[in-house]
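Input: a single structure, listed below in structure tokens.
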Amino acid sequence: ELHKLGVNIQCFDVGGGLGVDYEGTRSQSDCSVNYGLNEYANNIIWAIGDACEENGLPHPTVITESGRAVTAHHTVLVSNIIGVERNEYTVPT
Numbered sequence: 001e002l003h004k005l006g007v008n009i010q011c012f013d014v015g016g017g018l019g020v021d022y023e024g025t026r027s028q029s030d031c032s033v034n035y036g037l038n039e040y041a042n043n044i045i046w047a048i049g050d051a052c053e054e055n056g057l058p059h060p061t062v063i064t065e066s067g068r069a070v071t072a073h074h075t076v077l078v079s080n081i082i083g084v085e086r087n088e089y090t091v092p093t
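Numbering of the sequence shown is given in full-length UniProt numbering, commencing with residue 1 and proceeding in unit increments.
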């Protein structure tokens, strides 16, 4: 419809806000999501491409703003354990 009105869409920004699967379970948990980045990207590209093909339109450049979802898994603290301290105590009854 926009193309019929003379709008020439060259870029399509799908935004951000993708979830991050912090647990690695791909579940409905608050700390997880049930889709992966590849699945999300394929669905977006397929939907836009399909709409363009159906209407004989050129494919736009697709932009995403999903920075946290792309970088979150790389923000892990790795360290060596140099010692262990144990405290012996009894649990009150």
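Here a beta-carbon is modelled for each residue, glycine too, at the ideal position from N, C-alpha and C.
By the neighbour-count criterion, in which a residue is buried when 16 or more other Cβ atoms sit within 10 angstroms of its Cβ, Asp21 is buried. Partner residues in the beta bridge of Val62, as assigned by DSSP, are Phe12. By the CB criterion at 8 Å, Cys11 and Ile48 fall outside the cutoff.
Between the alpha carbons of Thr71 and Ile45 lies a gap of roughly 21 Å. Our two residues, Glu39 and Val14, have alpha carbons roughly 15 Å apart in a direct line.
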